[in-house]
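Report on the structure given below.
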Amino acid sequence: MHIGNASAGLLRSLAVANAPSLDTQLTPLVGDARPLREWITTFHLASVVIDPYTNESSWILKTASRIMHQFADSAARVNFIVTATPAEAKQFLGPLATEFLTFTDPERVVVKQLGLAELPAFVFLRSDGTVPAAAEGWNPAAWREVANTIAETVAWSKPLIPQAGDPGAFKGTPALA
Numbered sequence: 001m002h003i004g005n006a007s008a009g010l011l012r013s014l015a016v017a018n019a020p021s022l023d024t025q026l027t028p029l030v031g032d033a034r035p036l037r038e039w040i041t042t043f044h045l046a047s048v049v050i051d052p053y054t055n056e057s058s059w060i061l062k063t064a065s066r067i068m069h070q071f072a073d074s075a076a077r078v079n080f081i082v083t084a085t086p087a088e089a090k091q092f093l094g095p096l097a098t099e100f101l102t103f104t105d106p107e108r109v110v111v112k113q114l115g116l117a118e119l120p121a122f123v124f125l126r127s128d129g130t131v132p133a134a135a136e137g138w139n140p141a142a143w144r145e146v147a148n149t150i151a152e153t154v155a156w157s158k159p160l161i162p163q164a165g166d167p168g169a170f171k172g173t174p175a176l177a
């Protein structure tokens with residue numbers, strides 16, 4: 001089937017995430033919980049949201065880390081949001097837990113507010129509290145669009161997505177199972 005110049009099998013779209021309440025508490029592994037508005041006062045947030053109890057989230061760690069390194073010195077605070085306790089997040093992420101800013105969301109409050117349906121997810125939250133781009137599951141084209149939106153917003157170079165060694169595309173697991 002063709003629609004205009006596109007083939008039906010090639011149509012894709014980014015996930016539509018909600019802008020969370022700026023009063024939502026984000027709890028880092030190190031330090032005290034603070035409202036979201038305090039985390040985005042100066043920087044945007046580029047978040048990889050993962051569920052440590054699923055294979056799918058473990059499959060994306062290497063790729064997510066590579067993408068996050070690309071933006072590490074930009075005006076976006078790269079971070080993991082892990083749907084687990086601090087101890088579980090540290091165990092799952094290993095050295096990545098201290099290499100990147102890591103938030104815990106064991107009750108999935110942030111996940112619910114963002115309206116995510118699948119994890120892992122890649123979410124860009126601008127400093128004005130809006131979510132201009134998000135991707136759920138591992139769809140390289142959708143993650144590339146999120147990365148491109150971040151790069152354009154912060155005037156930064158874009159990471160290559162996908163890159164050799166990245167996993168094949170896969171559907172995420174239910175975010176609110």
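Letter 160 of the sequence shown, counting from 1, is numbered 160 in full-length UniProt numbering, and no numbers are missing. Even for Gly, the Cβ is constructed at its ideal location relative to N, Cα and C. Just so you know, these numbers come straight off a predicted model, no measurement behind them.
I'd like to know whether the C-beta atoms of residue i and residue j end up nearer to each other than 8 Å.
i: I50; j: P120; result: yes
i: A33; j: T27; result: yes
i: L29; j: A89; result: yes
i: W138; j: I60; result: yes
i: V146; j: A76; result: no
i: F80; j: V48; result: yes
i: H44; j: F124; result: yes
i: T63; j: D166; result: yes
i: A17; j: L176; result: no
I need the DSSP call for residue i, collapsed to helix, strand or coil.
i: P86; result: helix
i: P106; result: coil
i: N5; result: Note that N5 scores a pLDDT of 38, beneath 50, so its modelled location is shaky; the value from the coordinates is reported in the next line. In the structure shown, N5 sits in coil (DSSP, three-state: anything other than H, G, I, E or B).
i: residue 228; result: Lying outside 1 to 177, the shown extent of the chain, residue 228 is not represented and no answer is given.
i: F170; result: strand
i: S47; result: strand
i: T54; result: coil
i: L10; result: Because the pLDDT at L10 is just 39, under 50, the model does not fix this residue reliably, and the point stays unresolved.
i: T98; result: helix
i: V111; result: helix
Quickly, what does DSSP pair residue i with across the bridge? List them, please.
i: F92; result: DSSP, once it has assigned bridges, lists no residue as partnering F92.
i: E118; result: P174
Looking at the unbroken alpha helix (DSSP H) that takes in residue i, where does it start and where does it end?
i: Q163; result: Note, Q163: premise wrong, no alpha helix (DSSP H); not H, not E.
i: residue 213; result: This structure leaves residue 213 out entirely; the chain is present only between 1 and 177.
i: T63; result: L61 to F71
i: L22; result: Run containing L22: none; DSSP gives neither H nor E here.
Identify the continuous beta strand (DSSP E) that holds residue i and give its terminal residues.
i: A177; result: Here A177 belongs to no beta strand (DSSP E), and DSSP marks it neither H nor E.
i: L26; result: Q25 to P28
i: I134; result: Before going on, a small fix: residue 134 reads as Ala here, not Ile. Per DSSP, A134 belongs to the beta strand (DSSP E) from A133 to E136.
Can you tell me whether residue i sits near the ligand GTP, meaning its C-beta is under 7 Å from at least one heavy atom of the ligand?
i: W39; result: Absence of the ligand GTP is noted for the structure shown, with no ligands found whatsoever.
Q. Would you say the segment 156-174 touches the segment 84-104, given that touching needs at least three Cβ pairs under 8 Å?
A. no
Q: Taking 8 Å as the threshold, find out whether the segment 168-177 comes into contact with the segment 138-148 through three or more Cβ pairs.
A: yes
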